[in-house]
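Asker:
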Amino acid sequence: MASLEQNLSDKVKPLSIVQRIPTLAEYNRTIDSYSTPPHMPLRFQNPSLPSVPFASLTSELVLGMESACKAIVVLNTVNALVTHVILKTYDPLPLRLVITAFITTPFLATLSVIGDRSAFTSGLALAYLVFCTILILSVCLYRLSPWHPLAKYPGPVILKLTKMFGTWIAYKGKTHLYMKELHDTYGPIVRIGPNELSTTDKDLIPQILGNQGMPKGHLWDGRRFENMAGSAKYQSLIGVRDSVVHAKLRYPWNKAFSAGPLKAYEELLIRRVVELNDRLKDSCSGGIILTDIAKWFSYFSYDFMGDLAFAGRFRLMQEGDKDGVVELMKDAMHISQHVPWMSALMQSLPIFSTGLSKFHQNGLVSATQRSETEMKRKDLFYYMVRYVKGAWETKSDFIQGEASENPGIDFHTIANNAFLAIVAGSDTTASVLSNAVYLLLSHPDQYELLRREVDEAFDAHDIMLDKRVFGEDGTIDKTYSEELGGLAFLNAVINETLRLFPAVPASLQRAPPTGTSPRILRLADEDIVLPQGNAINVPPYVLHRDPRYFYPKPDAFIPERWLSTSTDTKYITSRSAFIPFSVGPQNCVGRPLALIELRYVLAILIRNFDMSFAQDVCVQSQWERQLEDRFTLHTGALKIRDFNPTLAANVLAALTTHLWFKTWDPVPFRLALAALVCIPPIVAYGLKLAIPSSIASLPLAYASFLPALAISVCAYRLSPLHPLAKYPGPIIPKITKLWGAWGAYRGKTHINIKELHDRYGPVVRIGPNELSTVDKGFILQIFGAQGMPKGPMWDGRRTLADGRDALIALRDSTLHAEMRGPWNKSFGAEPMKNYEEQLIRRIIEFNSRLKEVCAKGTAQVDIAKWIGCFTYDFMGDLAFSGDFRLMENRDADGNLEMMDKSMSVVSIAQHIPWFAGFFRSLPFVKRRVQRFVNHGVKHSLKRSKMELKRKDIFYYMGEESGTSGSDFEMIAQNCILAMVAGSDTTASAMSNAIYLLLSHPEKYQKLRQEVDTAFAEHGIDIHTQPLATNEAVGKLYGDVLSGLKYLNGVINETLRLFPSVPTSLQRAPAKGTSKVLQSGGTVIVLPEGNAITVAPYALHRDPRYFWPNPDSFIPERWLASADSEYVTARDAFIPFSVGPQNCAGRSLALVELRYALAVLVKNFDMEFDVENYNPALWLRDLEDHFTFQKGPLGIKISLRNAD
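Numbering that gives the first Met the number 0 applies: residue 0 is where the sequence shown begins, and numbers increase by one.
#1: Please go through the same chain and pick out, in chain order, the residues whose beta-carbon is closer than 7 Å to the beta-carbon of G776, but skip the five residues on each side of it.
#2: Can you give me the start and stop residues for the beta strand (DSSP E) that K1195 sits inside?
#3: Can you find the residues in the same chain that come closer than 6 Å, C-beta to C-beta, to D801, ignoring five residues on each side of it along the sequence?
#4: Classify M213 as helix, strand or coil using the three-state DSSP reduction.
#5: Rounded to whole angstroms, what's the CA-CA distance from T813 to L675? Just pull it up for me.
#6: On the three-state DSSP scale, how would you describe A228?
#7: Tell me the residue span of the beta strand (DSSP E) that contains I1083.
#8: Determine which residues share a DSSP beta bridge with A828 and list them.
#9: Just to confirm before moving on: does the CB-CB distance between A878 and A986 stay below 8 Å?
#10: If you run the structure through DSSP and keep just helix, strand and coil, what is A636?
#11: Rank G589, R498, Y599 and P538 by C-alpha distance to the C-alpha of W561 and give the top, closest one.
#12: Within 10 angstroms of its Cβ, does L755 collect 16 or more other Cβ (buried), or is it exposed?
#13: Taking all protein chains shown into account, do 16 or more other C-beta atoms lie within 10 angstroms of the C-beta of I98, making it buried, or fewer, making it exposed?
#14: Going by the DSSP bridge assignment, what does M1165 pair with across the sheet?
#15: Please classify G192: does DSSP put it in a helix, a strand, or coil?
#16: E754 lies in the alpha helix (DSSP H); which residues open and close that run?
#17: How would you label C677, buried or exposed, when you count the other beta carbons within 10 angstroms and need 16 or more for buried?
#18: Can you name, in chain order, every residue of its own chain whose Cβ lies under 7 Å from the Cβ of K638, other than the five neighbours on each side?
#19: So does the segment 993 to 1010 actually touch the segment 1158 to 1166, counting three or more Cβ pairs closer than 8 Å?
#20: Would you tell me roughly how many angstroms separate the C-alpha atoms of P155 and R190, rounded to the nearest one?
#21: I'd like to check one pair, M787 with I781: are the Cβ atoms closer than 8 Å?
#22: Label G473 either buried or exposed according to how many other C-beta atoms from any shown protein chain fall within 10 Å of its C-beta, with 16 as the threshold for buried.
#23: Starting from D526, trace the alpha helix (DSSP H) both ways and give me its first and last residue.
#24: According to DSSP, is E1170 helix, strand or coil?
#25: Who are F469's beta bridge partners in DSSP?
#26: My output table needs one value for F782: the three-state DSSP class, helix, strand or coil.
#27: Using DSSP with H/G/I as helix, E/B as strand and the rest coil, what is A169?
#28: Can you look up H147 in the DSSP assignment and give me helix, strand or coil?
#29: Spell out a yes or no on whether the segment 481 to 497 and the segment 146 to 154 are touching, meaning 3 or more CB-CB pairs, one atom from each, closer than 8 Å.
#30: Counting along the chain, where does the alpha helix (DSSP H) carrying V600 start and finish?
#31: In this structure, what does DSSP give as the bridge partners for Q1065?
#32: If we call anything under 8 Å between Cβ atoms a contact, is L261 one with L248?
#33: For D861, which beta-bridge partners are listed by DSSP?
#34: For P721, which of helix, strand or coil comes out of DSSP?
#35: Please identify the residue among S1197, L160, T1062 and P1174 whose C-alpha is closest to the C-alpha of I1133.
#36: Using a 10 Å radius around the Cβ and a threshold of 16 neighbouring Cβ atoms, would you call V436 buried or exposed?
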């Protein structure tokens, strides 16, 4: 390694955050901005670099960031709870209020805590995470709690939590079927939303919908056409919730549909019915044809409602739907009623608003054209205008006029209400006509009964619904509404169709007015209390199929039930439960006209045409499956888009991605991120072949790909097809490793794993692709010479960026064996003698420092910290040839805390190794790890300038292994590993031993007797003062101490109860292989991509191997003979692991433990400082962060009496 020092300055690779080591010049420049502590006036010199002062990093940055993070967590937790309490009164929330709360609250909280601009971003991210998580959790808990006003009503949990599931059902168009399923399951009153009930109890109908009922609920906010004329103030009747405003807007509608206007509308209707008859006859002139009758009904109803709203101008029956208005009308019926607070946003998105905007624009053009014609034509537009302005002459007079008898109602309001008439009048009527024909053709006997009645009526009343109905001047002399209204079976067919398929099947919602007291709905057996902010829905589709009101066969088409008299007991037909047009002051204003329209069209079809299903139509399965609840009931013919390729293609892409990635589980982070981000737009672009339409499809692409991928992954991991499916374990760990990451964050992984084994047995599934076992029969098969390499957990412990790893993170068995060479050499017999000499020097110093503390009598100390300082100093000697003075300065620089914090960060990353790189790049994580890495780098650089013949670990990592100066990074990382592995683990074991001995005074005294005897017999003398640098140590006592059986028993029992690495011994099959493990009758087949962990903490406490009292401290179990009462399975004792990848420093650790415990027990009296310290806190503070991290251990210590 002679070239190492020479090449250091120009060959050392820079180390950026956790991933590369800086050159000396870079390092000095980096830390010059920090103040140099007075006790470290150090300067490091490189021949090729100028002299630069070298300062140590302080802990204030980390501590400050940590305290700020705690403040952010607490503050945003409180903010989230307060926000929930405040916003709860506005549920459902206005979109602007939601956005304002979500954006500003965490931002202001972060601003109040963090002033440092560099830390603000990470603090803000934490604030949003905490705020959103707590707010969502608070909302969910409240909605499921018994304090919710609707808590006592049954319903699915998902509906109690969110309306988004209802949105999904509405998106599929199956709300009516889902509501029926809910009522069939839960009864007449069901909770269908966080703040919404649904009822099918007819006694509640007058109280909900009647004259003394309630106004419309928030569902109707989602039916506002927000973007009409660019302002939300131009409301149509359907979206008005205020009862007073509704009555005001309703007035011209009532006028327009009174008896006088209906007579005029009937003439328009007859003209359109005759036109429909002629068009169908022309189509049939060549004989039998195949046609879509539902499409013809849509054309007819649209043309007729155009006559009523805008005095005509629609010619769909003549020209077909060349402008796609029927499709546009369907697109206008959106899903936002389930998330009304998102209505404006959804209607502003191209994916939702395109059809609505075009349809509205079409209606606005028609309204403009109608306003320019003579106003004597008494259509709906006429009555709306007369109500607003009285007589007026021109459109411009009306639009520009200031005076109004009804302020707030203007031209745009009139246009929007006329627009509503087309939607409500054409779509609903076409749906009922289509369903009526479907039902009649499905029941030929009913078809014939109706035809017989219609024929008799036409003959008896000389009804003519063809061109003969027109007079010579083109007028209609006679109408037939009274004659058709008297046809009992025709009316029964219409009623039965409306019963089975009401035009508005599920969305009659009402709610108490804002600012009022709770509404009490009274039933015979209970009252329903409905506070403000809650709503109740009456679904006609479900109500009409309730066997209490329609019996028998409530789902069957039986028109005869409407012909039964009150004395007829064959049928139960509750007319008070029949509400196809709703009831009360907000019912369907066009009900009389709709019934007249239905009678005319059905009569003319039955009279003039023979109809039957086409041969390729599967009657019930196809038609009813195509019916969709889009507020109104859409038939198959109106379903222009039957299939969304973006949705299906991305679902398929998600499944393909899952199958592809399953072989790489856990998936590399960059590959996973690239897939999640790139695949949906690629699929969308591939389908659309045009960038604008692809962009418009992106929301749906992501909304389908991501849930489909998540569902696919979860379903597979829980399915019997998973290779680990047969092994027991909780559901959450089977789905995600975030459970393990949470346990690691809390430091209680060892407790969690033991509890799982206590509950599920010796083999438990602790991750999607990971098992844990405490069966000793598997140990050698897992760790032995023929075992498996390290698993993916060890990827989370990587520190280098160039693809190489320090020994601890090296998974390849061949490379591990190659790198293990210098480690084995450094812990051979000859180096161990050198290390023992240095150990005695540090033991002497440890002994003398404690004696100084006790010079004036009994002292209160944190013995765990003293032990940590001792082990850190000693491992500094072994790794970097000394220069550590923690025992001297009581760790004034916070090195121990720095090491513990870096370990806690890495322990979380090991559970999500694919996420480790990103996780460690977070500022607060980066600071923790980087500070300790820099600490190790500093000493590596300093050691590299010393005499290289000093045979420490640094020497063997470099000179003996033949490592060149260009691999300084690897040398430094392995020496840092030695520092952590050697000091942290030994300090943990030694501290736990002291705790256990002081908890069992009789064991303490027994050990003291053995140590006293050995010291006396062998003349062991530990100096009371530190040795000079060149002063010889003298005799070594390692062999003597290794023969102390009770001391070894204490150490073994401590390592059994508290192994330094309690849970993280994971192995996995090598790439391209699988592994079969067998122990007794248990066989484990472990395919590639899966892993198995042996948790020493749980294994060492298994009563099969350590009995009795496996959780108790009993050193005697290690002294027992074969016929003893103790069961002590030494082959189940693996505190240092086993096999070729076990702990290289095992021998040194045992020597260190024997020396330190012997000296402490020999020279000092110790007991718990119960006045200032609760010993029970020791176990609570023990945290599994790969190694055991410990809290303080307060004791009273004094010099032992000479006797």
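Using N, Cα and C, we set each Cβ at its ideal position, and we do this for glycine too.
Answerer: This is what the structure gives:
#1: Answer for G776: S1078 and G1079, listed in chain order.
#2: DSSP places K1195 in the uninterrupted beta strand (DSSP E) bounded by G1193 to L1198.
#3: Because D801 carries a pLDDT of 43, less than 50, the predicted location of this residue cannot be relied on, and the following value inherits that uncertainty. None.
#4: Here M213 sits in coil by DSSP.
#5: Straight-line Cα distance between these residues: approximately 35 Å.
#6: Because the pLDDT at A228 is just 41, under 50, the model does not fix this residue reliably, and the point stays unresolved.
#7: Secondary structure note for I1083: its beta strand (DSSP E) is the uninterrupted segment T1081 to L1085.
#8: In the DSSP output, where bridge partners are listed per residue, A828 has none listed.
#9: At a Cβ-Cβ threshold of 8 Å, A878 and A986 do not count as neighbours.
#10: Unreliable placement is indicated for A636, whose pLDDT of 41 sits below 50; no coordinate value is reported for it.
#11: By alpha-carbon distance to W561, the top candidate from G589, R498, Y599 and P538 is R498.
#12: Flag for L755 reads buried.
#13: Of the residues assessed, I98 falls on the exposed side of the cut-off, its CB having fewer than 16 other CB atoms within 10 angstroms.
#14: Bridge partners of M1165: I1196.
#15: In the structure shown, G192 sits in a strand (DSSP, three-state: E or B).
#16: E754 -> alpha helix (DSSP H) spans T748 to Y759.
#17: With fewer than 16 other Cβ atoms within 10 Å, it is exposed.
#18: With a pLDDT of only 31 at K638, under 50, the local geometry of the prediction cannot be trusted, and no value is derived from it.
#19: Here the segment 993 to 1010 lies against the segment 1158 to 1166, with 3 or more beta-carbon pairs under 8 Å apart.
#20: Rounded to the nearest whole angstrom, the CA to CA distance from P155 to R190 is 8 Å.
#21: Yes; because the gap between Cβ atoms is below 8 Å, this pair is in contact.
#22: Result: exposed.
#23: Per DSSP, D526 belongs to no alpha helix (DSSP H); it is in the beta strand (DSSP E), D526 to L529.
#24: The answer is coil: DSSP assigns E1170 none of H, G, I, E or B.
#25: In DSSP, F469 forms a bridge with I475.
#26: Reduced to three states, the DSSP call for F782 is helix.
#27: In the structure shown, A169 sits in a helix (DSSP, three-state: H, G or I).
#28: Correct three-state label for H147: coil.
#29: Touching, no.
#30: Counted as a single uninterrupted DSSP element, the alpha helix (DSSP H) harbouring V600 occupies residues R590 to N607.
#31: Answer is T1092.
#32: Note that the C-beta distance between L261 and L248 is not below 8 Å.
#33: When beta bridges are read from the DSSP output, D861 appears opposite G1193.
#34: Position check: residue 721 holds His in this sequence, whereas Pro was assumed. In the structure shown, H721 sits in coil (DSSP, three-state: anything other than H, G, I, E or B).
#35: Here the closest residue by C-alpha is T1062.
#36: By the 10 Å Cβ count, V436 comes out buried.
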